[in-house]
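Residue numbers (the UniProt record's numbering): 1 to 280.
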């Protein structure tokens with residue numbers, strides 16, 4: 001393929017040959033002045049063509065330089081495009097990193113809130129533990145005090161048990177004594193009943209004797225007094241048959257019997273009161 005300068009030179013050569021042919025044909029027609037002018041024009045054209053050729057060469061060099069620069073710029077553009085793609089990838093990664101950072105910040109905020117809540121709960125639990133510790137300490141003190149009291153009460157209980165055993169032994173002895181007393185009282189009651197029976201019999205006999213004595217006195221003195229009346233002599237001067245025989249009268253016997261019964265009843269009451277006291 002022909003360059004622009006080569007085509008230009010070919011055009012100039014054709015132009016020169018054409019004008020030379022025309023000059024040769026019209027050499028006879030034109031004057032010498034016209035020929036000189038044509039030669040001058042031809043010289044100017046050659047100079048112009050040379051300038052154009054030099055300019056074309058300079059343009060070619062400039063074009064080569066521009067091509068090199070263009071190639072370099074294309075490489076730079078390609079590199080910039082690659083850098084742009086890399087930057088886009090980095091921006092995408094940065095967006096992902098920002099999103100991850102935002103999520104991480106949210107998580108950190110959530111964790112901080114949870115930490116604050118846990119601190120509050122920890123403080124509450126610490127207070128509860130202190131309260132429970134105080135309660136346990138108080139409970140242990142109370143327990144120790146109760147153990148001491150239990151120990152003291154155990155000693156007292158043992159003393160009471162020992163005292164109870166002694167009281168039980170004494171109570172058994174007293175029960176034996178009471179049984180013996182009951183037996184004696186029963187014997188006394190039997191004797192008293194027998195004595196009352198004998199006394200009643202003696203009273204009856206004494207009445208009969210008094211009646212007989214009265215009848216004998218009446219028959220001896222010849223008085224016609226009634227049987228149920230008293231003797232004429234004063235009562236303090238008369239002596240009964242029982243007194244003569246040494247038998248005490250009923251009025252003398254009854255106070256002694258009543259006194260014995262009252263003493264026995266008092267003794268029984270005191271024993272009954274002593275039994276519940278000993279059982280306690």
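All C-beta atoms in this analysis are idealised placements derived from N, C-alpha and C, irrespective of residue type, glycine included.
Exercise. So what's residue 37 in DSSP terms, helix, strand or just coil?
Worked result: Translated into positions along the chain shown, residue 37 becomes position 37. It is helical.
Problem set entry | Pairwise C-alpha distance: residue 77 and residue 53 | Here residue 53 refers to the residue found at position 53 of the chain shown. Here residue 77 refers to the residue found at position 77 of the chain shown. Looking at the two C-alpha atoms, the distance is approximately 34 Å.
Problem set entry | Residue environment, residue 202, which counts as buried when at least 16 other CB atoms sit within 10 Å | In the chain shown, counting from the first residue as 1, residue 202 sits at position 202. Residue 202 should be labelled buried.
Exercise. What separation, rounded to the nearest whole angstrom, lies between the Cα atoms of residue 131 and residue 149?
Worked result: The residue given as residue 131 occupies position 131 in the chain shown. The residue given as residue 149 occupies position 149 in the chain shown. Taking the straight line joining both Cα atoms gives about 26 Å.
Problem set entry | residue 102 classed as buried or exposed, judged by whether at least 16 other C-beta atoms fall within 10 angstroms | For the purposes of this step, residue 102 is identified with residue 102 of the chain shown, where counting begins at 1. With fewer than 16 Cβ atoms within 10 Å of its Cβ, residue 102 is classed as exposed.
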